[in-house]
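A.B. asks: All residue numbers for the sequence shown refer to my numbering, where the first residue is 30 and numbers rise by one.
Don't be surprised by glycine CBs; every beta carbon is placed ideally from N, CA and C.
Quick caveat: nothing in here was measured; it's all calculated off a predicted structure.
The structure is given below, and queries will be raised subsequently.
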Amino acid sequence: MKKDIIFPKPLKKGDKIAICSPASKIDPEIVEKAIPILESEGWRVEVMSHALGESGTYSGTDAERLSDLRTAILDPDVRAIICSRGGYGVVHLMDELNRLPLRDDPKWIAGFSDISALHALMAANGIASIHSSMCAAIKEGTDNEDNKTLFGILRGERPVHIFDSHDYDRQGIATGHLQGGNLAVIADLINTPFDIIEPDTILFIEDVSEPVYKIERILYQLKLSGVLGKLKGLIVGQFTDYKPDSNYPNMETMIHDMTAEYDYPVAFNVPVGHVDHNIPLIESAPITLKVSPSGRNSIIFHR
30 MKKDIIFPKP LKKGDKIAIC SPASKIDPEI VEKAIPILES EGWRVEVMSH
80 ALGESGTYSG TDAERLSDLR TAILDPDVRA IICSRGGYGV VHLMDELNRL
130 PLRDDPKWIA GFSDISALHA LMAANGIASI HSSMCAAIKE GTDNEDNKTL
180 FGILRGERPV HIFDSHDYDR QGIATGHLQG GNLAVIADLI NTPFDIIEPD
230 TILFIEDVSE PVYKIERILY QLKLSGVLGK LKGLIVGQFT DYKPDSNYPN
280 METMIHDMTA EYDYPVAFNV PVGHVDHNIP LIESAPITLK VSPSGRNSII
330 FHR
């Protein structure tokens, strides 16, 4: 880890949540339906000025999206920033965001997909953040288990995730800091100030619409650089919307082969990614990963 990790303050009743769209544009109705769910938890919600806007495929120009995030980050009343959706565009903003005093009053940032770049920014500044679903899932209500977990994390809770084992699992127990997200996004940040794929971390990965060979190519880059072999553990989330190729029937078989020579624990088919059940994970947090012969694996978050 580059810096000592700061955890943003737990949210209390009456605290403000800002909804930002730092990447692609979103259907305003999705955001509008998410707002009352957050308000029912006792929080105030502010939709930032350009969150529902449109500029090409983005919610706004670079300057507009940057302005929304800067305003939310510097507002002392804002205690969490929930991204409306992912898509593409966060990378445009990272240099400018990195110049802000992020550690002076850290806010929870929540989201996934392209928001993995924001998580990498926060990790580079030593601030924990939340890889979680966004407005499309939040609007499903307070009975949704992943929403309950997200809201609990915002209030200061540390979850324990229990999930089924997989035939490709490599058993073992590892303790370390959790890093990861959308593999294509975080791989594009390798050898930048926001490179979070580091030795001695527990890495989690997921992706959507990427061919098997492209994910294999990223893993080879990590192998040849020496990083893949020096992980403490690997959490393989959901790889969706791709086709088998002539070499591998599925992504999991390729990842199993790529990591076969290492001895750290590997958990496959973990419910994280572009799927309905997308468990919230605290980036940069200390965790214990248990890959068990019992048929039930776990991710335990520590304070």
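(1) Assuming glycine 302 and glutamine 267 are in contact, meaning their beta carbons sit under 8 angstroms apart, how far apart are those beta carbons, in whole angstroms?
(2) How is threonine 178 classed by DSSP in three states: helix, strand or coil?
(3) Using 8 angstroms as the cut-off, can you tell me whether the stretch 240-249 makes contact with the stretch 278-293, which would need three or more C-beta pairs spanning the two stretches below that distance?
(4) Would you give the residue range spanned by the alpha helix (DSSP H) that arginine 99 belongs to?
(5) Can you confirm whether the stretch 199-211 touches the stretch 183-190 when touching is taken to mean that 3 or more C-beta pairs between the two stretches lie within less than 8 angstroms?
(6) In three-state DSSP terms, what is histidine 306?
(7) To the nearest angstrom, how far is the alpha carbon of isoleucine 60 from that of leucine 232?
(8) Apply the 10 Å Cβ neighbour rule to proline 135 and answer buried if 16 or more other Cβ atoms are within range, or exposed otherwise.
(9) Near alanine 139, what residues of its chain come up, given a Cβ to Cβ distance below 6 angstroms and the 5 sequence neighbours on each side ignored?
(10) Excluding sequence positions up to five away, which residues of its chain have a Cβ less than 6 angstroms from the Cβ of proline 37?
(11) Let me know if lysine 32 comes out buried or exposed under the rule of 16 or more other beta-carbons within 10 Å of its beta-carbon.
(12) With DSSP collapsed to three states, give me the class of lysine 32.
(13) Between which two residues does the beta strand (DSSP E) holding proline 315 run?
(14) Which whole-angstrom value describes the C-beta separation of leucine 207 and glutamate 312, a residue pair presumed to lie in contact below a C-beta threshold of 8 angstroms?
(15) Could you check if lysine 41 is buried or exposed, using at least 16 other CB atoms within 10 Å of its CB as the buried criterion?
(16) What is the DSSP secondary structure of glutamate 83, counted as helix, strand or coil?
(17) Entirely within the stretch 102-190 and at least 3 residues each: give me those beta strand (DSSP E) ranges in chain order.
(18) Can you give the Cα-Cα distance for asparagine 173 and valine 265, rounded to whole angstroms?
(19) What is the residue span of the alpha helix (DSSP H) that glutamine 250 lies within?
C.D. replies: The answer reads as follows:
(1) The sequence position of residue 302 within the sequence shown is 273, counting from 1. The sequence position of residue 267 within the sequence shown is 238, counting from 1. About 3 angstroms separates the Cβ atoms of glycine 302 and glutamine 267, confirming a contact at the 8 angstroms cut-off.
(2) Residue numbering aside, residue 178 sits at position 149 when the sequence shown is read from its first letter. If DSSP states are grouped into helix, strand and coil, threonine 178 belongs with the helices.
(3) yes
(4) Locating residue 99 in the sequence shown gives position 70, counting from the first residue. That run of the alpha helix (DSSP H) goes 91-103.
(5) no
(6) Counted from its first residue, the sequence shown places residue 306 at position 277. Coil, per DSSP.
(7) The residue you call residue 60 lines up with position 31 of the sequence shown. The residue you call residue 232 lines up with position 203 of the sequence shown. Here the sequence assigns valine to residue 60, which means isoleucine is not the residue at that position. So the two alpha carbons sit approximately 31 angstroms from each other.
(8) Against the sequence shown, residue 135 aligns to sequence position 106. Buried, since its Cβ has 16 or more Cβ neighbours within 10 Å.
(9) Along the sequence shown, read from residue 1 onward, the residue named residue 139 stands at position 110. So the qualifying residues of the chain are Ile111, Ile159 and Ser161.
(10) Along the sequence shown, read from residue 1 onward, the residue named residue 37 stands at position 8. Cβ within range, chain order: Pro135, Lys136 and Trp137.
(11) On the sequence shown, position 3 is the one that residue 32 refers to. So lysine 32 ends up on the exposed side.
(12) Within the sequence shown, the letter at position 3 stands for residue 32. Lysine 32: coil per DSSP, three-state reduction.
(13) Position 286 of the sequence shown, counted from the first residue, corresponds to residue 315. Element bounds for proline 315: 315-320.
(14) Here the question's residue 207 lines up with position 178 in the sequence shown. Here the question's residue 312 lines up with position 283 in the sequence shown. Confirmed, about 6 angstroms.
(15) As a first step, residue 41 must be located in the sequence shown, where it is residue number 12. The residue is exposed, with fewer than 16 neighbouring Cβ atoms inside 10 Å.
(16) On the sequence shown, residue 83 is found 54 positions in, with the first residue counted as 1. The answer is coil: DSSP assigns glutamate 83 none of H, G, I, E or B.
(17) 107-112, 137-140 and 158-160
(18) If you number the sequence shown from 1, residue 173 lands on position 144. If you number the sequence shown from 1, residue 265 lands on position 236. About 23 angstroms.
(19) Counted from its first residue, the sequence shown places residue 250 at position 221. That run of the alpha helix (DSSP H) goes 241-253.
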